[in-house]
Ligand code: HMG
Ligand code: MG
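In the working numbering, the protein residues as written are 1 to 300.
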């Protein structure tokens, strides 16, 4: 018998993960319209942007304006890789911050220019300061299954890294298949292990869809007891420092799957598609998710 919880929380990452890898420059107003349309679709947790070096990720250079101008409904995250990012995020008025570290040392160096250990040491006092200020801290764990440089990751190393973040005071762990290579069995096993070894923490699954297994992985994680999923409207996404990775699992396809299973998300598929229609003309890649295609063909 399948595990089918009554409710699932969708955390929309489109404005951040979806647009950080975009080759075209997306205007601030178009990002803000996308964010607002997603909120109107029922999204209550969202990654808005990243406070990272504009030299490394020029697409997120407008982060202060996005945070200042976007409505803050529910929990709206911004990413920060270090003390400088957290400082700038607080200055802009962010209330919830996501830090990010790779299980793989090589990936972490390519992404943040530090070893995993160096990042952890630098983030320890940052998280402590954020917690003192009452900020919600999410820790994103990249390359939790496979690394584009080092291959398969050891699940025990993932658990150890997650435990380290919990000890530092993180409120939530978002565990990611950065390059979209995990299969449903690996997803089930890792999330089951994390649920067992780190009970009581908010645990979120973050799947990329490179090999078209993200929806299957979502269902497998659901069977392991996960009830929080990072998804991206239009299936946009990808990390500029993870070669070969494509977009995240699409919000509209995940919500549709959950709707048909009778699981409540509070998110309206058609309105998510309307948000996708707003951003679609401003991005370079075609949007070909199942539900968006039906929407465009007038079949929704
Ligand atoms: P660095 O070059 O080592 O930085 O980059 P530094 O500490 O040597 O400082 C150099 C300059 O950058 C200094 O300025 C700093 O002030 C400035 P200068 O003195 O030369 O004028 N600086 C910053 N400016 C703005 N914001 C900051 C910041 N920090 C330093 N936060 C750094 C290190 C971390 C900054 C760089 O590597 C970086 O920005 N990386 C960002 C990588 C990124 O955004 N990756 C994508 C997000 S992660 C992801 O997508 C995965 C996820 O989706 C889960 C999954 O799927 O796996 C979350
Ligand atoms: Mg990602």
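Don't be surprised by glycine CBs; every beta carbon is placed ideally from N, CA and C. Keep in mind the model is a prediction, meaning the values are calculated, not measured.
- The beta carbon of residue 86 sits closer than 7 Å to the beta carbons of 80, 97, 126, 130 from its chain, once the five residues preceding and following it are set aside; these are given in chain order.
- Looking only at 176, 78, 95, the smallest Cα-Cα distance to residue 103 is reached by 176.
- The count of Cβ pairs closer than 8 Å, one atom from the region 49-57 and one from the region 265-279, stays below three, leaving the stretches out of contact.
- Of all C-beta pairs linking the region 278-289 to the region 210-227, fewer than three are shorter than 8 Å, placing the two stretches out of contact.
- By the 16-neighbour rule on beta-carbons within 10 angstroms, residue 200 is exposed.
- For residue 178, the distance from the CB to the nearest heavy atom of the ligand MG is below 8 Å.
- Three or more beta-carbon pairs separated by less than 8 Å are not found between the region 117-124 and the region 56-65, which leaves the two stretches without contact.
- Taking 8 Å as the cut-off, one finds at least one heavy atom of the ligand HMG near enough to the beta carbon of residue 239.
- The beta-carbon separation of residue 106 and residue 150, rounded to 5 Å, stays under the 8 Å limit for a contact.
- Distance between residue 211 and residue 246, taken at the CA atoms: about 9 Å.
- In this structure, the ligand MG has a non-hydrogen atom nearer than 8 Å to the beta-carbon of residue 13.
- Residue 28 carries a helical assignment under DSSP once its states are collapsed to helix, strand and coil.
- Nearest to residue 183 by alpha-carbon distance, out of 204, 122, 95, 216, is 216.
- One thing to note: residue 276 has its Cβ no nearer than 9 Å to the Cβ of residue 10.
- Around the beta-carbon of residue 31, 16 or more other beta-carbon atoms lie within 10 Å, marking it buried.
- In the three-state reduction of the DSSP assignment, residue 101 falls in the strand class, which pools E and B.
- In the displayed model, residue 9 falls within a strand according to three-state DSSP.
- For residue 1, the distance from the CB to the nearest heavy atom of the ligand HMG is not below 8 Å.
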